[in-house]
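So the structure is just underneath, and the comments pick up after that.
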Amino acid sequence: MTSLYDDPPFLEEAPQAVPNDSGADGIPDSTGPDGSTQDGPVPDVAETGPLPDGGVAWSVCSLYDGEYDQRAECAYVPMPFDPQHPEGDQIGVFVKRLRAAVQPARGQVWFVQGGPGGAATYDFPPWMDLTSQTHPDLDMYAADHRGTGRSERLSCPQESDGLDTPERVEGCGNNIEMVWGSRLAFFSTTESARDLGRLADLTRLPGQQLFIYGGSYGAYHVSRYLQLYPSQADGVMLDGIAPPGFTFVDFDDHMNAVSKTLFDACRDDAFCGSKLGPDPWAELGKLELALDQGHCSNLGFSSAMLKAVFGSMMYSRPLLDYLPAITYRLRRCSAADQQALATFYNALSEMWGGGDPAAFSDGLYYHVATSELWTFPSPSPQELQAKFDAAFVAGDVSLMASAAMTWPRYDPQPYDEVWPQPTMPMLMTNGALDPATPLAKAVAVEAHFVAPYQVFLPFDHAGHCVYQQTWTDPDFQIDCATMIRDQFLKKPDAPLDLSCMNDVLPPRFEGHEAYDPYLFGQPDAWENPSGYPLPDPTAYQAAKDRWVKWRRLRAPFRSGPRPSL
């Protein structure tokens, strides 16, 4: 038997641990032992010896990478590359867990990442942390999908220049194929779903409940898991649902249509309508034409750039609430507006970038997307570029069409476009303002999952993956979707109290006092106080702290310029 992974890097010697410095919401601040911010990869685990558990050798590690908190346990678990040859080559799947305060735990919760290409052990620790506080009798788990994170990440030299041209994407695919050969086909949704089932078998004690959450591509991934393990779990949560048969081909059409819904809501809102007039959507179109003719050129925004930025903002509240305000400021484009917009864009860039490059694999993204999330025969890049050009808000999938013609794809049959038939309780959620997995597609689950306690909940005012954006109070403290999920985790086979869904706040187009001082460098999302002074330092710092904590909770579903799930 050949092992394809080296000594675990998370067993490197760590500096002396420091006490956990948690914020008001229980999420530790992003600082290292010397108080400085840790932006890059750093050793964060001390070897304490193996902790046998179901055949898995666990070692103490940090829940938050780079923070030396040593609150979690990590392991590389060998999995067969090819399920038909379990004694052949193995792949090391990286797993992180946060043990329940109450032991033995009542059960375990697995968080499955989206993308495709995202690494759950990097992005889900804030969720693991907060969920463990409300469910101290449940162990929290995350595993990196094979091909990303620390589970044999698919990488190529072309990444250093950015996979933003057909030539670079083709070169990357050729390079990855040269490294992995025929084994590349096993970096698939199906084999990662098999890993999930095996990991649950290895770690679950007799009598423990098993819950699995999948958001975005993670929901697609969990649907594949349900085909392979239709009765293993006691409860499944699908969020931001990409159903079987989902394709990126229609991505820009959906994103544009959902974004128009938001601008129509602006039209019908007294405040927003007074700023952008009777047809805010048309105003956005006029702005994009003007940008390409040199309007507000100091900011360097083209219509294509604005479409992509707005598309990424549509994923999450409160960001989507700001689209009309950004349109208004760009249209006016005073010196004060330019300063506020630059500040805002810098905050977005921090959300999209930074951190450990291993937290996402572009190679896995193209590998899964072109193999399973595309339509054949494929539209041409030119056809999809024309759709992007005609849209006001879009992500541009024309590069994916080029990749689909050159990438060493795998065959997803016999599981592709097949609905599972699970009978366990399921909590399924989707936002009506979701630009990536639109409600019109997600609603199909209602016809397929009809067993007792299988519930589909559409949230009127939420974007992509509803948690932490269905607030019922203006201070963003009470999240309706989280309250319903907590009921489900306590007793999945019981009726749910859904009354809070009536209280979810709609988009607040005026702006948000909790975030505006940091996002705009001033306390008003739309207008500029005389001299546009910086806000009070205390208000600025409070807004920044809230933004950073919200950003960490939304990390599994952040979106940059790349169309993603």
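Quick note on the working numbering: the sequence shown kicks off at 176 and runs consecutively.
We put the beta carbon where it would ideally sit given N, CA and C, even for glycine.
query                                                                                                                                                                                 : result
Does F563 come out as helix, strand or coil in the three-state DSSP assignment?                                                                                                       : helix
Pull up the distance between the alpha-carbon of W725 and that of P301, whole angstroms please.                                                                                       : 10 Å
Please work out which residues of its chain come closer than 8 Å, Cβ to Cβ, to E525, disregarding the five sequence neighbours upstream and downstream, and give them in chain order. : R726
Name the residue from P595, D443, L559, W701 whose alpha carbon lies nearest to the alpha carbon of R504.                                                                             : W701
Can you find at least 3 beta carbon pairs, one from the segment 483-491 and one from the segment 663-672, that sit closer than 8 Å?                                                   : no
With respect to the beta strand (DSSP E) encompassing C508, which residues constitute its N-terminal and C-terminal limits?                                                           : It is not in any beta strand (DSSP E) - C508 carries neither H nor E in the DSSP assignment.
Assuming G538 is part of the alpha helix (DSSP H), what are its boundary residues?                                                                                                    : 537-547
State the DSSP-derived secondary structure class of D746, mapped to helix, strand or coil.                                                                                            : Missing from the structure shown is residue 746; the chain here goes from 176 to 740 and no further.
Taking all protein chains shown into account, do 16 or more other C-beta atoms lie within 10 angstroms of the C-beta of Q213, making it buried, or fewer, making it exposed?          : Note on Q213: pLDDT 31, under 50, position unreliable in the model; the coordinate value appears next. When all chains shown are included, Q213 counts as buried.
Starting from L385 and walking both ways along the alpha helix (DSSP H), at which residues does that stretch end?                                                                     : Counting along the chain, L385 falls outside any alpha helix (DSSP H), though it belongs to the beta strand (DSSP E) covering 384-390.
In terms of DSSP beta bridges, what is T604 paired with?                                                                                                                              : D414, L632
At which residues does the beta strand (DSSP E) containing A408 begin and terminate?                                                                                                  : Per DSSP, A408 belongs to no beta strand (DSSP E) and is neither H nor E.
Could you tell me the boundaries of the alpha helix (DSSP H) in which V723 lies?                                                                                                      : 712-728
Among all the DSSP beta bridges, which residues are the ones paired with S234?                                                                                                        : C249
Could you tell me the alpha carbon to alpha carbon distance between T502 and D691, rounded to whole angstroms?                                                                        : 16 Å
What's the call for P747, buried or exposed, on a 16-neighbour Cβ count within 10 Å?                                                                                                  : Any question about residue 747 goes unanswered here, given that the chain covers just 176 to 740.
Just curious, the alpha helix (DSSP H) that V268 is in, first and last residue?                                                                                                       : It is not in any alpha helix (DSSP H) - V268 instead sits in the beta strand (DSSP E) that spans 265-273.
Just confirm the distance between the C-beta atoms of C675 and C655, as a whole number of angstroms; I'd bet it's less than 8 Å.                                                      : 4 Å
Between F361 and F438, is the Cβ-Cβ spacing less than 8 Å?                                                                                                                            : no
Looking at the ligand SAM, does it come within less than 7 Å of D427, judged from the CB to the closest heavy atom?                                                                   : What this structure holds is no ligand at all, so the ligand SAM is not there to describe.
Taking 8 Å as the cut-off, decide whether the C-beta atoms of L740 and G289 are in contact.                                                                                           : yes
What's the C-alpha gap between G346 and R584?                                                                                                                                         : 14 Å
What whole-angstrom Cβ distance do V630 and L602 have, given they're in contact under 8 Å?                                                                                            : 6 Å
Assign Y497 to one of three DSSP states: helix, strand, or coil.                                                                                                                      : helix
Can you look up M599 in the DSSP assignment and give me helix, strand or coil?                                                                                                        : coil
Taking S546 and P587 to be in contact with their CB atoms under 8 Å, please state how far apart those CB atoms are, rounded to whole angstroms.                                       : 6 Å
When you compare each of Y392, S335, A565 to S367 by their alpha carbons, which one comes out closest?                                                                                : Y392
Tell me A294's beta-bridge partners as DSSP assigns them.                                                                                                                             : According to DSSP, which records beta bridges pairwise, A294 is partnered with nothing at all.
CA-CA distance, Q716 and S491?                                                                                                                                                        : 22 Å
For the beta strand (DSSP E) containing G420, list its first residue and its last residue.                                                                                            : Counting along the chain, G420 falls outside any beta strand (DSSP E), and DSSP gives it neither H nor E.
Any idea what DSSP makes of D314, helix, strand or coil?                                                                                                                              : strand
To the nearest angstrom, how far is it from the Cα of R442 to the Cα of A317?                                                                                                         : 42 Å
Using CA atoms only, rank isn't needed, just tell me which of L401, G382, A617 is closest to D370.                                                                                    : L401
How many Å lie between R721 and Q514 at the Cα?                                                                                                                                       : 22 Å
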